[in-house]
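Taken in order, these protein sequences are the chains called A and B. Here the working numbering is used: the first residue of the first sequence is 1, the next is one more, and so on. Here the working numbering is used: the first residue of the second sequence is 1001, the next is one more, and so on.
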Amino acid sequence: MLAIYRREMGAFFTSGVAYVFLTVFYLISGIFFFNGVLCSGTTDVSPMFSSMFYVVMFLIPILTMKLLSEEKKNKTDQGLLTAPVGLWDIVLGKYFAALTLFIIAESIVFIYAIILSAFGNVVWQTLFGNYFAMLFLGAAFIAVGLFISSLTENQMASAVASMVSLFVLYLSEMLVADFENGGTFKKILFKGVTALAFYSRYMEFTGGMFSLPSIIFFISTAFLFNFFTVKVLEKRRWS
Amino acid sequence: MIEVKNLTKKYGDKLAVNDISFKVEKGEILGFLGPNGAGKSTTMNMLTGYISSTSGQVLIDGVDILEDPKKAKSNIGYLPEIPPLYIDMTVDAYLNFMFDLKKCKQPRKKHLEDICELCKISHVRKRLIKNLSKGYRQRVGLAQALLNKPPVIILDEPTVGLDPNQIIEIRTLIKQLGKRHTVILSSHILPEIQAVCDRIIIINKGQVAADGTADEIAKNISNEHKMTLRIEGPTHTKDDKTKIADALRSIDGITYVRADMEREKGIYDYDVETDGKTDVRRAINKLCAEKGWNILMLQLSDMTLEDIFLKITMSEGITASDSSNAPKLEVKVKDGELIASEKTDDNKEKADAETAEETDGSENNGGEE
């Protein structure tokens, strides 16, 4: 696992994906930080975090798009799958590499916090709460992206499909927003969709609430999709 | 060392590999020979655990590749048809990665140096793989397969894309490896297999069509013998040719005669096949003495691997429905028939062509004289 993790980390930087990802992430989070926090004259970083949901949603597919699709296309998966390593090692090695890069990107908020501390007292509880919320959100999204990457040989298809799936997950909540007070069917639909919602769960954190069930939800999603990815690799071997 | 039992692979309805069984002993170099699409790569992918088999079993050093894949795979070094190289890495970085991936226990620096020396890539270690030529990429792929000194090395068409010098180098290397490792390599290049391998398995349409050394296969696959005769007739014309060919055909034990090109002026060569039981040389000699012809040459030609390969792979004799154990004999018979019929067709065409050439030739000669 460690060998794959190290190689993936190296590949992020040699291929330039890491630079693009980090630059865009820093740039946009910087804008949100400036607009939402500094200009509003507050030391509460929640407004920035709530806007960052969209950035995470659109940037994570860039991170995960080539993780498995390129291996398949270049037939390098033959090297991995015939080496004495398990499928979980392969998948988790790649998963944690992407997660590490995401954490590097996300940790920029501590620099923002230092900047903030020059102007007043930073609300550290909210900052950490949001930091971890975003971390687990990213963890879940990366697993989804990795799974989609395992389904195709084409990087672009993988990226677009991941973005669309995450976007649909986000929009689905808006679609059923009116259903809460409708008939039984509508209620069931509403409950079902909101139970799988990423957005409102994430928003709970930016509202100042640390919700353990949501953290568990994100972690289970991550686990589930990594499991699916392993199954996809296994199935390909058996087909 | 490697044991394959009734290995079968189906892709949907398509039978890619049909009930292959063989064993490879330690220190043996086994060659997989077969036309494109015969199932060589599929078999190798199953041996290395890249894909699973539909049914059957692969044992590497007694370990089932599907039951304990990690242990079995740690005994294999595999060079697939397309080397699994990450082209944006340097050779060094890539080999280090594979070193870690294969959990090698050897001292890293020394081991990598040895392997690079062996594959002659020491001078390109700092270069990016994407800037290397096909031949060097192939060698890096080979180096990767040799990491950790696995007891079993499986090479899928290792010399494709190399220049003649490199091919010779790689062959020497494989022979060298065969002393300490068990090697399986596939190829559709006959001389390569013949030069390198102790044993040959010919695969056609997903089945083992022949198994043994080149000589054994030659003996098994055909019990007929070929010879080339050059006989001088009395008139030095084409009439001789038909007369002699007909007379030869009438000899007991000769199954097939084909008049070949005009080698010397007015003298023709004849390709003769016998049933292999009777020695027809004396009978031919007697015939020629009686008729007053002169035998200028008699050459026995045993079947080369190439003949065998063509014989096996060109025929439709081996069908998926044959169960592989029993029908070897049957196959031969079928082959024989098929080949014979094809050959007669060829013969007619050639004969026509020859007549055309001959008329041209005589005209020219006449002009000169």
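Built from N, CA and C at the ideal position, the CB exists for glycine as well.
Residue closest to residue i, alpha-carbon to alpha-carbon, out of the options
i: A/Gly93; options: A/Glu234, A/Arg237, A/Val230 and A/Trp238; result: A/Val230
i: B/Asp1215; options: B/Gln1207, B/Lys1226, B/Asp1198 and B/Val1208; result: B/Asp1198
i: B/Pro1069; options: B/Glu1262, B/Lys1311 and B/Gln1057; result: B/Gln1057
i: A/Glu153; options: A/Leu166, A/Asp77 and A/Thr221; result: A/Asp77
i: B/Leu1147; options: B/Asn1131, B/Leu1132, B/Asn1294 and B/Phe1097; result: B/Phe1097
i: B/Ala1145; options: B/Ser1122, B/Leu1101 and B/Lys1109; result: B/Leu1101
i: B/Ile1076; options: B/Val1196, B/Ile1065, B/Leu1112 and B/Gln1106; result: B/Ile1065
i: B/Ala1283; options: B/Asp1163, B/Leu1248 and B/Thr1042; result: B/Leu1248
i: B/Ser1376; options: B/Leu1059, B/Ile1308, B/Ser1041 and B/Gly1037; result: Because chain B is modelled from 1001 through 1369, residue 1376 of chain B falls outside the range shown and cannot be assessed.
i: B/Gln1299; options: B/Asp1269, B/Ala1289, B/Gly1292 and B/Leu1287; result: B/Asp1269
i: A/Val45; options: A/Met1, A/Phe128, A/Met65 and A/Phe25; result: A/Phe128
i: A/Ala143; options: A/Ala113, A/Ser162, A/Tyr131 and A/Gly36; result: A/Ser162
i: B/Val1272; options: B/Lys1265, B/Arg1263, B/Gly1266 and B/Ala1259; result: B/Ala1259
i: A/Ala98; options: A/Met52, A/Gly138 and A/Ser40; result: A/Gly138
i: A/Leu67; options: A/Met209, A/Phe227 and A/Val17; result: A/Val17
i: B/Ala1016; options: B/Arg1125, B/Gly1233, B/Gly1206 and B/Asn1285; result: B/Gly1206
Per-residue contacts from residue i into chain B (C-beta, under 8 Å)
i: A/Gly10; result: Met1089 and Ala1093
i: A/Thr14; result: Asp1088 and Met1089
Contact set between residue i and chain A, taken where Cβ atoms lie within less than 7 Å
i: B/Asp1211; result: Those do not exist, as B/Asp1211 stays about 25 Å from chain A at its closest Cβ, beyond 7 Å.
i: B/Lys1102; result: Ala83 and Pro84
DSSP three-state assignment for residue i, whether helix, strand or coil
i: B/Gln1106; result: coil
i: B/Asn1148; result: coil
i: B/Arg1199; result: strand
i: B/Ala1038; result: coil
i: B/Thr1228; result: strand
i: B/Glu1003; result: strand
i: B/Tyr1050; result: coil
i: B/Lys1348; result: With a pLDDT of only 42 at B/Lys1348, under 50, the local geometry of the prediction cannot be trusted, and the value read off the model is given with reservation. B/Lys1348: helix per DSSP, three-state reduction.
i: B/Thr1159; result: coil
i: B/Gly1206; result: coil
i: B/Glu1342; result: Confidence at B/Glu1342 is low in this model, with a pLDDT of 37, below 50, so its placement is unreliable and no value can be given for it.
i: A/Ala197; result: coil
i: A/Met203; result: helix
i: A/Phe210; result: coil
i: A/Asp44; result: coil
i: B/Thr1182; result: strand
i: B/Leu1033; result: strand
i: B/Ser1055; result: strand
i: A/Phe223; result: helix
Rounded C-alpha distance that separates residue i from residue j
i: B/Thr1054; j: B/Thr1008; result: 6 Å
i: A/Val160; j: A/Val168; result: 12 Å
i: A/Val123; j: A/Phe32; result: 17 Å
i: A/Val56; j: A/Ile28; result: 10 Å
i: B/Leu1190; j: B/Val1160; result: 13 Å
i: A/Ile115; j: A/Thr43; result: 10 Å
i: B/Lys1312; j: B/Asp1252; result: Reading off the sequence shown, one finds Ile at residue 1312 of chain B, where the question assumed Lys. Distance between the alpha carbons of B/Ile1312 and B/Asp1252 is about 27 Å.
i: B/Ile1154; j: A/Phe58; result: 43 Å
i: B/Gln1138; j: B/Glu1169; result: 12 Å
i: A/Glu204; j: A/Met134; result: 11 Å
i: A/Lys75; j: B/Lys1105; result: 27 Å
i: A/Lys235; j: A/Pro61; result: 23 Å
i: B/Asp1019; j: B/Met1314; result: 21 Å
i: B/Glu1342; j: B/Thr1278; result: Below a pLDDT of 50, predicted positions are generally treated as unreliable, and B/Glu1342, at 37, falls in that range; no measurement from the model is reported.
i: A/Gly36; j: A/Met48; result: 6 Å
i: A/Gly10; j: B/Met1089; result: 9 Å
i: B/Lys1109; j: B/Ser1052; result: 35 Å
i: B/Ile1121; j: B/Pro1150; result: 20 Å
Proximal residues of chain A, C-beta to C-beta of residue i below 9 Å
i: B/Phe1097; result: Ala3, Ile4, Arg6, Arg7 and Gly10
i: B/Ser1041; result: Residues of chain A passing the Cβ test: none, with the nearest at roughly 10 Å.
i: B/Gln1144; result: Gly79
Partner residues on chain B for residue i, Cβ-Cβ distance less than 9 Å
i: A/Ala113; result: In chain order: nothing, as chain B lies at least about 36 Å away.
i: A/Gly182; result: Those do not exist, as A/Gly182 stays about 46 Å from chain B at its closest Cβ, beyond 9 Å.
i: A/Arg237; result: Gly1049, Tyr1050, Ile1051 and Ser1052
Check: residue i C-beta below 6 Å from any heavy atom of the ligand COA
i: B/Leu1155; result: This structure lacks the ligand COA; in fact it carries no ligand of any kind.
Contacts of residue i in chain A (Cβ-Cβ under 8 Å)
i: B/Ser1074; result: Pro84
i: B/Ile1202; result: Correct list: empty, because the minimum Cβ distance to chain A is about 25 Å.
i: B/Lys1070; result: Pro84, Val85 and Gly86
Chain-ordered neighbours of residue i on chain B, where CB pairs are closer than 7 Å
i: A/Gly78; result: The sequence as given places Gln at residue 78 of chain A; Gly does not occur at that position. Neighbours of A/Gln78 on chain B, chain order: Tyr1050, Pro1080 and Pro1084.
Within-7 Å CB hit, residue i to chain C
i: A/Lys75; result: Here the protein chains are A and B, and chain C is not one of them.
Pick out the complete beta strand (DSSP E) segments inside the segment 102-190 of chain A, 3 residues or longer, and give them in chain order. none
Runs of beta strand (DSSP E) lying entirely within the segment 1057-1089 of chain B, each at least 3 residues, in chain order: 1076-1079
Let me know the alpha helix (DSSP H) ranges lying completely inside the segment 70-105 of chain A, each 4 residues or longer, listed in chain order. 77-81
What residue ranges within the segment 1242-1278 of chain B form continuous beta strand (DSSP E) runs of no fewer than 3 residues, ordered along the chain? 1254-1264 and 1267-1274
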